[in-house]
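First up is the structure itself, then whatever we jot down about it.
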Amino acid sequence: MRRNGFEKPFNPMQVGTWALLPLLLLQFLFFASPILPIAASIPCTIAIFACGFSAAYYAYWVCITDPIDWRLQRHLKEQEGASCDHGSNANRGCVDDNDTKFCWVCSTDVHQLSMHC
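The sequence shown stops at residue 146 when you use our numbering, and every number in between is there.
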């Protein structure tokens, strides 16, 4: 299972974005910046590269961050290490060999096919 956006398999749109951003910045530098007057060229180039850098910086942090909620992550880790105690309702998420289910109406474990409530 992928934990973040930098793990394989890569999405084609993700690869395209990371390839296009530097290409667009270079196109501006070589084609748009030289035809601007020098008084406009320098501030515009600085502004475009600052925006491009901030976009790349924040995109990196978005891709590297694990999107799982910390409560869900803690719950999943507890479930991996938990042993099933079939006498209580505390571990309803455990898989059991017998066909039982937890009834939310009366708060008991009943047979899977039971229609008691």
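The beta-carbon is built from N, C-alpha and C at its ideal position, and this holds for glycine as well.
Following the DSSP letters along the chain, one finds Phe131 inside the beta strand (DSSP E) bounded by residues 129–132. One Cα belongs to Glu36, the other to Gln43, and the distance between them is close to 11 Å. Pro38 has its alpha-carbon roughly 42 Å from the corresponding atom of Asp138. Your pair Gly34 and Cys92 checks out as a contact, with CB atoms roughly 3 Å apart and the cut at 8 Å. Taking 4 residues as the minimum length, the alpha helix (DSSP H) runs contained wholly in the stretch 35–64 are 41–56, in order along the chain. In the DSSP secondary-structure assignment, Thr94 is not bridged to any residue.
By alpha-carbon distance to Arg32, the top candidate from Gly81, Asp98, Ala76, Phe57 is Asp98.
When only Cα atoms are considered, Thr74 and Tyr86 end up about 18 Å apart. For Arg100, the enclosing alpha helix (DSSP H) has its first and last residue at 99–110.
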